[in-house]
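K.L.:
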Amino acid sequence: MTPDNDNLADDVLKGANSIAAFLGEDRRAVFYQISNGKLPHYRVGQNIRARKSSLMAWIAAQEAGARSAA
Numbered sequence: 061m062t063p064d065n066d067n068l069a070d071d072v073l074k075g076a077n078s079i080a081a082f083l084g085e086d087r088r089a090v091f092y093q094i095s096n097g098k099l100p101h102y103r104v105g106q107n108i109r110a111r112k113s114s115l116m117a118w119i120a121a122q123e124a125g126a127r128s129a130a
């Protein structure tokens, strides 16, 4: 994390609904991606969590892969 983004609470999305809203997807798509090991996440007990910064890095990697495949 960078010094201007050192507040962990601001970086963490709690629950599938929050993750889905951040990604502009529906909740079922989030669960599908998680069940297939495609979406970066972690769990606290049975609760799903994801860092915004990890999701942004994952999106950037997806975009880079799409550009190199084209």
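In the numbering used here, the protein residues as written are 61 to 130.
Just so it is clear, CB atoms sit at the ideal spot from N, CA and C, and this is done for glycine as well.
As the structure is a prediction and not an experimental result, all values here were calculated from the model.
Going by CA-CA distance only, name the one from Leu-99, Ile-94, Ile-108 that's closest to Ala-33.
P.N.:
Coverage of the chain is limited to positions 61 through 130, which leaves residue 33 absent and any answer about it impossible.
K.L.:
Label Leu-73 either buried or exposed according to how many other C-beta atoms from any shown protein chain fall within 10 Å of its C-beta, with 16 as the threshold for buried.
P.N.:
buried
K.L.:
Which residues does DSSP list as the beta-bridge partners of Tyr-102?
P.N.:
As computed with DSSP, Tyr-102 is found in a beta bridge with Arg-109.
K.L.:
First and last residue of the alpha helix (DSSP H) that includes Asn-77?
P.N.:
76-83 is the extent of the alpha helix (DSSP H) around Asn-77.
K.L.:
Just tell me which of Gly-84, Ala-126, Arg-111, Val-90 has its CA closest to the CA of Asn-67.
P.N.:
Arg-111
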